[in-house]
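FYI, in my numbering the residues of the sequence shown are 788 to 1404.
Working notes, beginning with the structure itself.
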Amino acid sequence: MPALQPQPLPSGGAVVASSKPATTPLQKIERQYRKFLAKRYMTFMSRVALWIAVLLSLSSIVVSGDISKVPFAILSSFPVSLSLAFLLRVRKTFVTQPYRPSPRPSLIGLVISSFWNRRVITLLLSYTVFSITIANVWCTLLAREDMALFKSTPRHPWQLNESRFVLTASNACLFLVVAARDVLNDNLKADWPRERRPFAQAVKIALLDNIWGSSRIGFTFLWSISAPFAYFWLGLRSFVWQWVNWRLWGVAVRPFVGSFARSTSKTLGPWALLGPMLSLNMLTLLILQFPVKGLTAYITQSPLSLETYLITALKSQDPYYLQFTLMELLRVISIPRCRKIFFDDISKSPSLISQLCQELLLQFGNVHHVLVSRGATSKPQSSQSSPVASSTISTTADERKIPVRQADIFRPLAKPKSTINLKSVLDGPIQASTPSPVVKLTQAGTLAIKHVESVQDQVVGRIEGNPVGDAIVSEAKGARKNVNEWAGKEWGRRSVRSVLGEVLVAQRVIEILVILSVASIEEDTYGNVQQVLPAILEAIVRFREAIFALEAQLLVQTRLLGPAQSGAVDEIKKDLHVAISSCDKAVKRIADIFGQSLSAFKFPPSVAYGLGEICKG
């Protein structure tokens, strides 16, 4: 048996080098995004912690007048900072990963689906944790006997303090309502800036925007002055705690809340809770308001500043990072000296400007694909497989393409005549009217509906004859109208965003392409942009046609909504016409600049007709 010969081991450096895959430029850019944004977010959270410590220290001095509580207030700010960090982290996910629930035709379905999902439940939980934490920290800082955690009795030594319990519960319910209003009013979406500003200026604008006109201040004030009286005077106190104490779980909770249902000489009244509740709720709102407003600026301002990374960054499939790239690219090409770099660089084939237009059309094609497929996400595509760009950039001759002037784009297309012979298809004569039994059933149903409506009108008329009844009916009609209007708008928003969620990407791509096309007349020495100009116009027209098709489909579906139809129709038209208007403005601007030169290009008949309709409008 031959002896085993020792084999030399490979060097450690070679093994390490071969085990690590090469990092692509796109991965490097996304890594820079993550690193820069994470560093900025940590800076933001450190300032939030400082803000909480300062507010708690000042409020403890103002309320108690004891400056020695400042160190304890600073220590107490740590749990508040952690709970607020959890809340802000959850809100941040609604920007990095937009929340797009599916549309529901019924009002109940819209309301339930607005809250019955993991992300919104987590958001509501974060608000609850934050409000309970700040309430208990605040009551502890007061160091008052009537705000202690326990209020023991000879019978129940572990009896909770009702005043502290009511303050905590009221604060939690208040900010649960605030969170629910943000969900229903669509206040969680990202407010992406249209232009790049200095970061400090952007943060200042976000913090001071509508600071005193916010409805949260008035709502918090009304809640704070009405909640104590509603709890004591409207019977909520006796009803709630009697119900809790005499249920199956009463044996477990009675040692802690057993005396809440009884009124004694030591029981506090609503006036005793009014001041602490107002102070606590306003302090919580002040702590929460500025970090939430500042969060938008910290996570939507672009960290990208190197123009050489833009084309590579356009290949990103992450819509959060793509927004930064498009915003930076829009800033760069709006500056003539920066735009000149793209036009004059022909060191590579294809040129730099051709690569830029190619990647822009690919991103435009991704949005168009999702729109046409009604919400199906497109897979990452290469330069040869874009649904819009791949077919339009190709230089292969197409026999169907005709010049704009030859196509007579201002004349509508003639509809083909039908060649079907009805006489040869039908076996018997065409019936002139509906059979009598069907007519009678239809008439009977119509008469029944009219009879029910007349009875309903009579009942409502009698109620409205009474002044009190008239006021109640008017309020009910107004509330019903508002609910139906919200339901229609919410259904319309969901329907549009489920298939056109990245419409802002398409709008910015169109704006960038229009700027490049207009500037190419004087700055594009080699005519690279004008070579892809037909592809740009065709992509815009087809995107516009797809939006019109979506609008027609959604308007048909609104018939199922009943009273909420008008609100849904208005919301759909408002959202979609913004994108349609951007397409129309882009085509008109290019047509105004190029004028008769566009007649040299050839387009498919449908695209030529669409261009004519836009120019005539």
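Yeah, the Cβ is synthetic: ideal placement off N, Cα and C, and Gly gets one too.
Asked	Found
Assuming Ala730 contacts Phe1335 (C-beta within less than 8 Å), just tell me the rounded distance between them.	What is shown of the chain runs 788 to 1404, which leaves residue 730 out entirely.
Can you tell which of Leu961, Leu971 and Lys991 has the C-alpha that lies nearest to the C-alpha of Ile919?	Leu961
Looking at Met1064: is its Cβ nearer than 8 Å to the Cβ of Ala1017?	no
Going by CA-CA distance only, name the one from Gln1150, Leu995 and Arg1003 that's closest to Thr1083.	Leu995
Need the endpoints of the alpha helix (DSSP H) that Ala809 sits in, please.	Taken as a continuous stretch (DSSP letters only), Ala809 belongs to no alpha helix (DSSP H), as it is neither H nor E.
Where Lys1375 and Ile839 are concerned, what is the direct C-alpha to C-alpha distance, given to the nearest angstrom?	52 Å
Is it buried or exposed for Arg818, if we count other Cβ within 10 angstroms and need 16 for buried?	exposed
Compute the distance between the beta-carbons of Arg1126 and Ala1355, then report whether it is under 8 Å.	no
Can you find at least 3 beta carbon pairs, one from the stretch 1300-1316 and one from the stretch 1350-1366, that sit closer than 8 Å?	no
Count the C-beta pairs between the stretch 1286-1301 and the stretch 891-910 that are closer than 8 Å, then say yes if the count reaches three, no if not.	no
On the DSSP bridge list, what partners appear for Lys991?	Its beta-bridge partners do not exist; DSSP assigns none.
If you draw a straight line from the alpha carbon of Val857 to that of Ser868, how long is it in whole angstroms?	16 Å
Tell me the DSSP secondary structure of Phe1390 in three-state form.	strand
Determine the DSSP secondary structure at Lys1166, reduced to helix, strand or coil.	Confidence in Lys1166 is poor, its pLDDT being 48 and thus under 50, which makes the residue's placement unreliable; the coordinate value appears in the next sentence. In the structure shown, Lys1166 sits in coil (DSSP, three-state: anything other than H, G, I, E or B).
Run the CB neighbour count on Arg1284, radius 10 Å, all protein chains shown included, and call it buried at 16 or more, exposed below.	buried
Starting from Ala922, trace the alpha helix (DSSP H) in both directions and tell me its first and last residue.	Arg905 to Leu929
Give the C-beta separation of Glu1358 and Gly1279 to the nearest angstrom, bearing in mind that I take them to be a contact with Cβ-Cβ under 8 Å.	3 Å
Would the beta-carbon of Asn923 fall within 8 Å of that of Thr880?	no
Considering Pro1357, what are the terminal residues of the alpha helix (DSSP H) in which it resides?	Pro is not the amino acid found at residue 1357; the sequence shown has Asp there. Gln1352 to Phe1381 is the extent of the alpha helix (DSSP H) around Asp1357.
Between the beta-carbon of Pro1078 and the beta-carbon of Val835, is there less than 8 Å?	yes
Please classify Lys1102 as buried or exposed, where buried requires at least 16 neighbouring CB atoms within 10 angstroms.	buried
Please state if the CB of Leu910 and the CB of Ser847 are separated by a distance shorter than 8 Å.	no
State the DSSP-derived secondary structure class of Glu1262, mapped to helix, strand or coil.	helix
Between the Cα of Leu813 and the Cα atoms of Ser870, Gln1110 and Ile1098, which residue gives the shortest distance?	Ile1098
Counting only the same chain and skipping the five closest in sequence on each side, list residues whose C-beta sits under 7 Å from that of Ser1304.	Val1316, Leu1320, Ile1323 and Ile1377
Measure the beta-carbon distance from Val877 to Ser913 and round it to whole angstroms, keeping in mind my assumption that it falls under 8 Å.	5 Å
Give me the Cβ distance between Pro890 and Ser1282, rounded to the nearest whole Å; I'm assuming they're in contact under 8 Å.	4 Å
Kindly list the residues whose CB is nearer than 7 Å to the CB of Ser1089, restricted to its own chain and excluding five residues on each side of it in sequence; keep chain order.	Arg983, Phe1111, Met1114 and Glu1115
Taking Cβ positions, are Tyr1108 and Tyr820 nearer each other than 8 Å?	yes
Using a 10 Å radius around the Cβ and a threshold of 16 neighbouring Cβ atoms, would you call Leu837 buried or exposed?	exposed
So, under 8 Å CB-CB, Phe1390 and Glu1325 are touching, yes? Tell me the CB distance rounded to an integer number of Å.	6 Å
Under the three-state reduction of DSSP, which class applies to Asp973: helix, strand or coil?	coil
Shortest alpha-carbon distance to Thr883 belongs to which of Leu1341, Ile1086 and Arg827?	Ile1086
Would DSSP call Thr1312 helix, strand or coil?	coil
Can you look up Lys1135 in the DSSP assignment and give me helix, strand or coil?	coil
If you draw a straight line from the alpha carbon of Cys926 to that of Ile1074, how long is it in whole angstroms?	16 Å
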